[in-house]
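Student: Have a look at the structure that comes next, please.
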């Protein structure tokens, strides 16, 4: 059965959506705020998320970013925000579709069917565990020996990109472009400095890295 996660702080609308989706054969889980939504997504592994942007604890775009840290599952925004800029922001953060309130249930159901039909699960996980540290892609958190490892936003950006491609060579230019921007694709010295910082924080022996491996002249590889 296809599982849908509804993220909506309006109790009446959340109940109505749940009832409608269940009546059409979907398995439904629901959250009233962003943090609960991220936790449910990690534990329940839904096939799609229907997400309101105006949540009481964190903005819906933060939920999109949290999900996109580890999963490609379809995210359909359901929001009263109707400006073109709001839609662009949500889509740029990683939403797959945008439905404005008020909406027709038939239209929403059709969009869910399309999103689910296109989605191919890839064995994604929110937690990446090694023998020495754990990376929580949803919470954007790294722990080592039971304690949090403090990373800068740049260090996290590099680590997240590598961890999301385990065992794969990630070219230097790709890392520089995605973390710093396209204008920095040739600034390989930036990478060397930040990779050294990451290794000091995560590797058991930083001088002989076990997890963050250099492929000379090409890029880097994460070996879990």
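Residue numbers (UniProt numbering): 1 to 224. Heads up, the beta-carbon is just placed ideally off N, CA and C, and yes, glycines get one too.
Ignore the nearest five residues each way along the sequence and tell me which others in residue 30's own chain have a CB closer than 6 Å to its CB.
Tutor: 6, 14, 18
Student: Do you know offhand how far residue 174's Cα is from residue 97's?
Tutor: 26 Å
Student: Which word fits residue 183, buried or exposed, when buried means at least 16 other C-beta atoms lie within 10 angstroms of its C-beta?
Tutor: By the 16-neighbour rule on beta-carbons within 10 angstroms, residue 183 is exposed.
Student: Just list the residues that DSSP pairs residue 79 with in beta bridges.
Tutor: In the DSSP output, where bridge partners are listed per residue, residue 79 has 100.
Student: Let me know the secondary structure DSSP gives residue 42 once reduced to three states.
Tutor: helix
Student: Looking at the structure shown, is residue 128 part of a helix, part of a strand, or coil, going by DSSP?
Tutor: strand
Student: Please report how far the alpha carbon of residue 158 lies from the alpha carbon of residue 110, in whole angstroms.
Tutor: 37 Å
Student: At 3 residues or longer, and completely inside the UniProt DNA-binding region "OmpR/PhoB-type" (125 to 224): list those beta strand (DSSP E) runs for me, N to C.
Tutor: 127 to 129, 134 to 136, 141 to 144, 147 to 149, 169 to 171, 212 to 215, 219 to 222
Student: Does residue 21 come out as helix, strand or coil in the three-state DSSP assignment?
Tutor: helix
Student: Excluding the five sequence neighbours on either side, which residues of its own chain have a C-beta within less than 7 Å of the C-beta of residue 46, listed in chain order?
Tutor: 3, 4, 5, 29, 73
Student: Examine chain D for any beta-carbon lying closer than 8 Å to the beta-carbon of residue 171, and answer yes or no.
Tutor: Chain labels in this structure do not include chain D; a single protein chain is all it has.
Student: For residue 23, does the count of other Cβ atoms within 10 angstroms reach 16, so buried, or fall short, so exposed?
Tutor: exposed
Student: Between residue 137 and residue 101, is the Cβ-Cβ spacing less than 8 Å?
Tutor: no
Student: Within 10 Å of its beta-carbon, does residue 85 have 16 or more other beta-carbons around it, so buried, or fewer, so exposed?
Tutor: exposed
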